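Student:
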Amino acid sequence: MPVPVPEQQPGPEPQQETDAERRRRRAQFLRDLAEARELRDRVQPRRAKTARLRHAMRMRTFRW
């Protein structure tokens, strides 16, 4: 027996966010991401070291 799906109630149009709000949210997201990476690197130093070495190798072999 199919389950009835509630219909979407048409609400007011979502406000377009301003560029400043979008940049502020993006900056906060990037700060949180960097903080999470730092925490992971502190908790797993061996993995962080191998990641750094891999990144350095990629940068050395990159062709401009």
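Going by the numbering used here, the first residue of the sequence shown is number 10, and it counts up by one from there. Note that the Cβ used here is the ideal one computed from N, Cα and C, for glycine as well. All of these numbers come straight from a predicted model, not from anything done at the bench.
Thinking Asp50 and Ala57 are a contact (beta carbons under 8 Å), I'd like their distance in whole angstroms, please.
Tutor: The residue labelled residue 50 in the question sits at position 41 within the sequence shown. The residue labelled residue 57 in the question sits at position 48 within the sequence shown. That pair is a contact at about 4 Å.
Student: Quick one: grab the DSSP three-state call for Thr27.
Tutor: Position 18 of the sequence shown holds residue 27. Residue state, collapsed to three classes: coil.
Student: Does DSSP put Gln37 in a helix, a strand or coil?
Tutor: On the sequence shown, position 28 is the one that residue 37 refers to. If DSSP states are grouped into helix, strand and coil, Gln37 belongs with the helices.
Student: Out of curiosity, what's the CA-to-CA distance linking Arg46 and Gln24?
Tutor: On the sequence shown, residue 46 is found 37 positions in, with the first residue counted as 1. On the sequence shown, residue 24 is found 15 positions in, with the first residue counted as 1. Each residue's alpha carbon lies about 33 Å from the other.
Student: Can you tell me whether DSSP reads Arg88 as helix, strand or coil?
Tutor: The first residue shown for the chain is 10 and the last is 73, placing residue 88 beyond what the model contains.
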